[in-house]
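Down below is the structure, laid out as structure tokens.
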């Protein structure tokens, strides 16, 4: 899953440009930061006795310009994540088709069709938190005739009211619904967001691993077929130590988020 290791086979085509524009300082920093992240992923995996190629890094590019995403893409990264439908459907057509987009934000029913039709190379929705959104995704995928969409069930492991996600006690039921009632979706695992201040994050991650064991037993599937998406810029090494297969890294690669100022 290490995108940097696959750089050569994706970038062997000669450049069509006569001269490449000089990299901006921000882009250079982003590329260096990306390489540093992969180095840290490799070290964390080695410490945990795991294979680093079983851990996917999703570069979370929300609020970042297409030009910066392209620089990180040119450095070998292929998995990118976005939180907002409007943002991903604006960016995706401007970027190479071999990017594997992950949608990681809360998804409203009325945004499902625009998302799926606007981003043909969307490979995963990581934030399915109830049967209603699962059913809508399933229906639209079937209607537009695209291949089955991978989804993760989002679990609220911290119990915070501000967080989306099904309660841990409900994750088996929702996973079973996706697998048995949504033929156009591919149940691929579980996702969670740790505590913002990291005080209870180990418990959050251990809870998600416990949920995976329960889901896999209920569905009769091996745990290695059930992904754990957990860990972001501040806690991804701990997440890898506790079994994460998918880390979502934003500010460590791209720098602090840039939100428009409100009047």
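Residue numbers (our numbering): 175 to 437. Glycine is no exception: its CB is placed at the ideal position from the N, C-alpha and C atoms.
Separation of residue j from residue i, as counted between CA atoms
i           : j           : result
residue 306 : residue 372 : 31 Å
residue 187 : residue 295 : Confidence is the limiting factor: at residue 187 the pLDDT is only 33, short of 50, which leaves the residue's position unreliable and the question unanswerable from this model.
residue 364 : residue 329 : 7 Å
residue 429 : residue 319 : 38 Å
residue 432 : residue 251 : 21 Å
residue 420 : residue 230 : 5 Å
residue 413 : residue 285 : 30 Å
residue 361 : residue 327 : 8 Å
residue 256 : residue 401 : 19 Å
residue 218 : residue 238 : 27 Å
residue 393 : residue 228 : 22 Å
residue 331 : residue 358 : 27 Å
residue 374 : residue 342 : 15 Å
residue 259 : residue 274 : 15 Å
residue 349 : residue 301 : 12 Å
residue 212 : residue 383 : 23 Å
residue 189 : residue 247 : Only weak support is given to the placement of residue 189: the predicted model assigns it a pLDDT of 30, under 50, and the question is left unresolved by the model.
residue 280 : residue 395 : 27 Å
residue 381 : residue 203 : 35 Å
residue 411 : residue 222 : 10 Å
residue 195 : residue 272 : Because the pLDDT of residue 195 is 39, which lies under 50, any placement of that residue in the model is unreliable, and the number read from its coordinates should be weighed accordingly. Roughly 22 Å separates the two Cα atoms.
residue 291 : residue 278 : 17 Å
residue 283 : residue 347 : 20 Å
residue 354 : residue 415 : 31 Å
residue 325 : residue 261 : 20 Å
residue 220 : residue 308 : 36 Å
residue 243 : residue 408 : 21 Å
Cβ pair residue i, residue j closer than 9 Å
i           : j           : result
residue 215 : residue 226 : yes
residue 385 : residue 399 : no
residue 406 : residue 423 : yes
residue 426 : residue 210 : yes
residue 269 : residue 233 : no
residue 312 : residue 340 : no
residue 379 : residue 417 : yes
Given residue i as reference, the closest of the options once Cα atoms are compared
i           : options            : result
residue 293 : 309, 315, 310      : 315
residue 205 : 219, 232, 245, 237 : 245
residue 369 : 336, 222, 279      : 336
residue 322 : 342, 203, 298      : 298
residue 266 : 325, 408, 388, 236 : 236
residue 387 : 353, 264, 345      : 345
residue 352 : 261, 381, 310, 366 : 310
residue 263 : 249, 280, 272, 287 : 287
residue 317 : 249, 356, 415, 279 : 356
residue 276 : 367, 289, 283      : 289
residue 338 : 220, 367, 324      : 367
Strand pairing of residue i, partner residues [DSSP]
i           : result
residue 327 : 302, 364
residue 420 : 230, 403
residue 296 : 275
> Which ranges does the alpha helix (DSSP H) cover as unbroken runs of at least 4 residues, wholly within the segment 338 to 418, from first to last along the chain?
Replying inline: 345 to 355, 375 to 393, 410 to 415
> Where in the segment 232 to 277 do unbroken runs of the beta strand (DSSP E), each at least 3 residues long, occur, reported from the N-terminal end onward?
Replying inline: 253 to 256, 274 to 277, all fully within the segment 232 to 277.
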